[in-house]
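Q: As they're listed, the protein sequences go chains A and B.
The numbering of the first sequence is the working numbering, which starts it at 25 and goes up by one.
The numbering of the second sequence is the working numbering, which starts it at 25 and goes up by one.
Here a beta-carbon is modelled for each residue, glycine too, at the ideal position from N, C-alpha and C.
There are 2 protein chains.
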Amino acid sequence: MLDAGADLFRRQGYEGTALKEIVGEGGAPWGSLYHFFPGGKQELGVAALRRSGERYRRLIELVFEGAEDPSTALRQFFSLSAQALEGSDYADGCPVATVALETANTTDALRQVCAEVFESWLATLARFLSEAGIEAGVAYPLALFGLSTFEGAITLSRTIRSTEPLTASGEIVASVVDAALREVPEEST
Amino acid sequence: MLDAGADLFRRQGYEGTALKEIVGEGGAPWGSLYHFFPGGKQELGVAALRRSGERYRRLIELVFEGAEDPSTALRQFFSLSAQALEGSDYADGCPVATVALETANTTDALRQVCAEVFESWLATLARFLSEAGIEAGVAYPLALFGLSTFEGAITLSRTIRSTEPLTASGEIVASVVDAALREVPEEST
DNA sequence: GTCTATATCTCGATAGAC
DNA sequence: GTCTATCGAGATATAGAC
């Protein structure tokens, strides 16, 4: 049920998704919805976002751990997302961005979860950048920049139905991080 | 009425905004809504997005025309948006991004307008980059990158309620464009 | 715990007088 | 053109049997 909700929220947003749709898609019994989520739709939303946010964070980790440096990891991540978008008819974008924008000024509980998720991704990104030798004061702004570009590129790609924003942005982000890495003194690698 | 609609769509999205709210806020007569927009909410949405999208495009033009080069224009634009966000309790972000994500896979008429708006901004950006001497094949991907980063930074800033994503990203985008400008042969300026 | 039925509300859209 | 009243659909949430 959480997975079905997360998937629908990502595609059509929070307001655009009906509870019946979630229980229908998830094959879960309608009667048990308010047993597990006494807080109703909002509580389900919070739980679904937390779950998909953490899953996405682990995906980031996986890509960075498998790559030789953060720059190639980013290039791969952008390219991977472009593939995922194209293969899903431009539906599988960021699991929280749509809800984040919808609720930034309306439903604070949901906005807060989205903020927590974004910050967990930022912390993960900054950690990998730091571990590659980039100094702490630079790593966090660089993570902010990288995630910003990624989120915006997904927004553009979904809207104009082309992977071009993701691929073009991915190249430049990777090159920016690459330049930062080249400023790292040799001993620290 | 169009302005009231555009404002509400930007803050709380398309699905999250009721028609009554729009006519209420706009002080317009309810009876005339379906006279001017026989297509109902969707037609009003299309018109509102087109209008605010074009207004925003002219704002971009204004900033670029007033700045000495595209790099400083971008820095100013990010900084201006950060101010606008902070001054509006993080409500006045991008006028189309929220609706774009909501409708990318649900309501194609709205998605298409958002795509048109984004593309008009991209064309404007690419034109200014070209006019500054950056070759055509580079200007468009650079515009894609710049707009992507901007859109994502707004998303992050609104969600975590901090201007940090915008300021950090603005600096880096400006420096990337600055580097591209330095590759321009002197004669072409 | 889960089901069915339903209460209550709000939405978008329409009808018809003026 | 604009107003008032209202329709019908679909939403969230609840009640009460099992």
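1) Since residue 182/B meets chain A, which of its residues come closer than 8 angstroms, beta carbon to beta carbon?
2) Any C-beta of chain B sitting closer than 8 angstroms to the C-beta of residue 189/A?
3) For residue 35/A, return the contacting residues in chain B, with the cut-off set at a CB-CB distance below 9 angstroms.
4) Taking one C-beta from the region 166-180 of chain B and one from the region 126-146 of chain B each time, how about it: are there three or more such pairs within less than 8 angstroms?
5) Check each residue of the region 82-96 of chain A: if its Cβ is closer than 9 angstroms to any Cβ of chain B, include it; give the result in chain order.
6) Could you check where the alpha helix (DSSP H) with residue 118/B kicks off and where it finishes?
7) Please return the same chain residues whose Cβ sits closer than 7 angstroms to the Cβ of residue 91/B, not counting the five positions on each side in sequence.
8) Could you tell me the alpha carbon to alpha carbon distance between residue 112/B and residue 81/A, rounded to whole angstroms?
9) Residue 93/B by DSSP, collapsed to three states: which one?
10) Beta-carbon of residue 171/A versus every beta-carbon of chain B: anything under 8 angstroms?
11) Kindly indicate the opening and closing residues of the alpha helix (DSSP H) around residue 231/A.
12) Give the secondary structure of residue 38/A by DSSP, where H, G and I count as helix, E and B as strand, and everything else as coil.
13) Measuring alpha carbon to alpha carbon, tell me which residue in 88/B, 109/B, 152/B and 30/B is nearest residue 65/B.
14) Between which two residues does the alpha helix (DSSP H) harbouring residue 55/B extend?
15) For residue 116/A versus residue 34/A, is the C-beta spacing smaller than 8 angstroms?
16) Helix, strand or coil for residue 208/A, going by three-state DSSP, please let me know.
17) Can a CB atom of chain A be found closer than 8 angstroms to the CB of residue 76/B?
18) Taking 8 angstroms as the CB-CB limit, is residue 165/A close to chain B?
19) For residue 102/B and residue 190/B, which I take to be in contact (beta-carbon distance under 8 angstroms), what is that distance rounded to the nearest angstrom?
20) Closer than 8 angstroms, CB to CB, is residue 114/A near chain B or not?
21) Go ahead and pull the three-state DSSP assignment for residue 181/B.
22) Would you please verify whether the beta carbon of residue 158/A is less than 8 angstroms from any beta carbon of chain B?
A: Straight from the coordinates:
1) Taking the first residue of the second sequence as position 1, residue 182/B is located at position 158. Within chain A, the residues near residue 182/B are 124, 125, 128 and 129.
2) Residue 189/A sits at position 165 when you count from the first residue of the first sequence. Judged by the 8 angstroms Cβ criterion, residue 189/A is in contact with chain B.
3) By 1-based counting over the first sequence, the position of residue 35/A is 11. Per Cβ cutoff of 9 angstroms: 128, 129 and 130.
4) yes
5) Within the region 82-96 of chain A, contact with chain B at the beta-carbon level (separation under 9 angstroms) is assigned to no residue.
6) Taking the first residue of the second sequence as 1, we reach residue 118/B at position 94. Where residue 118/B is concerned, there is no enclosing alpha helix (DSSP H), given that its DSSP letter is neither H nor E.
7) Here residue 91/B is taken as the residue at index 67 of the second sequence, counted from 1. So the qualifying residues of the chain are 97 and 100.
8) Sequence index remark: in the second sequence, residue 112/B carries index 88 (1-based). Sequence index remark: in the first sequence, residue 81/A carries index 57 (1-based). Rounded to the nearest angstrom, the two C-alpha atoms are 31 angstroms apart.
9) Position 69 of the second sequence, counting from 1, holds the residue named residue 93/B. Correct three-state label for residue 93/B: coil.
10) Start at 1 with the first residue of the first sequence, and residue 171/A comes out as number 147. Residue-level contact check: residue 171/A touches chain B, since one or more beta carbons of chain B fall below 8 angstroms from its beta carbon.
11) There is simply no residue 231/A to check, as chain A begins at 25 and stops at 213 in what is shown.
12) If you number the first sequence from 1, residue 38/A lands on position 14. Coil at residue 38/A, not helix or strand.
13) Indexing the second sequence from 1 puts residue 65/B at position 41. Ranking 88/B, 109/B, 152/B and 30/B by Cα distance to residue 65/B puts 30/B first.
14) Here residue 55/B corresponds to residue number 31 of the second sequence, with the count starting at 1. It is not in any alpha helix (DSSP H) - residue 55/B carries neither H nor E in the DSSP assignment.
15) For the purposes of this step, residue 116/A is taken as the residue at position 92 of the first sequence. For the purposes of this step, residue 34/A is taken as the residue at position 10 of the first sequence. A Cβ-Cβ contact shorter than 8 angstroms links residue 116/A with residue 34/A.
16) Residue 208/A sits at position 184 when you count from the first residue of the first sequence. Coil at residue 208/A, not helix or strand.
17) Within the second sequence, residue 76/B is the residue found at index 52, counting from 1. Output row for residue 76/B: interface = no.
18) Residue numbering aside, residue 165/A sits at position 141 when the first sequence is read from its first letter. At least one CB of chain B lies nearer than 8 angstroms to the CB of residue 165/A.
19) On the second sequence, position 78 is the one that residue 102/B refers to. On the second sequence, position 166 is the one that residue 190/B refers to. Indeed, because the Cβ distance is near 5 angstroms, the residues count as touching under 8 angstroms.
20) Locating residue 114/A in the first sequence gives position 90, counting from the first residue. By this cut-off, residue 114/A is an interface position.
21) Here residue 181/B refers to the residue found at position 157 of the second sequence. Helix, per DSSP.
22) Numbered from its first residue, the first sequence carries residue 158/A at position 134. No, because no Cβ of chain B sits closer than 8 angstroms to the Cβ of residue 158/A.
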